[in-house]
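**Student:** Sharing a structure, written as structure tokens. Questions coming.
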């Protein structure tokens, strides 16, 4: 049961809880289920969600600042117009979520499932996507400077016109993505050539 004075919840189920337009700071949730809950327009700062499920929840326009979303399920949630600012979303599954207008400002998305997400023209500079699933992501025109893409799955991802300069791409199969008009640096060009079978001397 929700009590705004309680900051720590473990293995709770919240059904159609309305937390829209709230200021929530420092709350901790472990293995909680949010079924059809609403967080729209709220500020969540310094909150921790570990192994939580947001099935059919609405997080439209929410601002998550320095929050943890570790190993969470957000596949059927609405993140329309939401902003994740400096968040840690390691291992979380966003596949199937409504992410139109989603903004990612820095943060760690290592091992996360982000396949088929629309992140066109997004400023993702400095984000970490190490070993993340970015298959078929729409990243045309995105700024990925300084990102960690090591061993990320990028098959079918569209990087048309994106800026990858300074990103770490070792272990990611660049040949499997659309890199048309993509800006890369010399080190990345060498990796791409080696993946294509060239001998770089």
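In my numbering, the protein residues as written are -13 to 187. Even glycine gets a Cβ: it sits at the ideal position worked out from N, Cα and C.
#1: Using DSSP bridges, identify the partner residues of residue 139.
#2: Should residue 54 be labelled buried (16 or more other beta-carbon atoms within 10 Å of its own) or exposed?
#3: In three-state terms, what does DSSP make of residue 102?
#4: Is it buried or exposed for residue 9, if we count other Cβ within 10 angstroms and need 16 for buried?
#5: Please report the residue range of the beta strand (DSSP E) in which residue 36 lies.
#6: If you measure between the beta carbons of residue 110 and residue 143, is that distance less than 7 angstroms?
#7: Using only the alpha-carbon positions, how far apart do residue 75 and residue 94 sit?
#8: How close, in whole Å, do the beta carbons of residue 158 and residue 136 come, if the pair is a contact with beta carbons under 8 angstroms?
#9: Determine the direct distance from the alpha carbon of residue 187 to that of residue 38, and round the result to whole angstroms.
#10: What separation, rounded to the nearest whole angstrom, lies between the Cα atoms of residue 26 and residue -3?
#11: Could you tell me which uninterrupted beta strand (DSSP E) segments, each at least 3 residues in length, are contained entirely in the stretch -5 to 79, listed from first to last along the chain?
#12: What does the Cβ neighbour count give for residue 4, buried or exposed, with the cut at 16 atoms within 10 Å?
#13: Starting from residue 172, follow the beta strand (DSSP E) in both directions and report where the run begins and ends.
**Tutor:** Looking at the coordinates:
#1: For residue 139, which the question treats as bridged, DSSP gives the partners 119.
#2: Classification for residue 54: buried.
#3: coil
#4: exposed
#5: Note, residue 36: beta strand (DSSP E), 34 to 36.
#6: no
#7: Their backbone Cα atoms lie some 6 angstroms apart in a straight line.
#8: Indeed, because the Cβ distance is near 7 angstroms, the residues count as touching under 8 angstroms.
#9: 50 angstroms
#10: 23 angstroms
#11: -1 to 1, 9 to 11, 14 to 16, 19 to 21, 29 to 31, 34 to 36, 49 to 51, 54 to 56, 69 to 71
#12: With fewer than 16 other Cβ atoms within 10 Å, it is exposed.
#13: First-last for residue 172: 172 to 181, but that is the alpha helix (DSSP H), not the beta strand (DSSP E).
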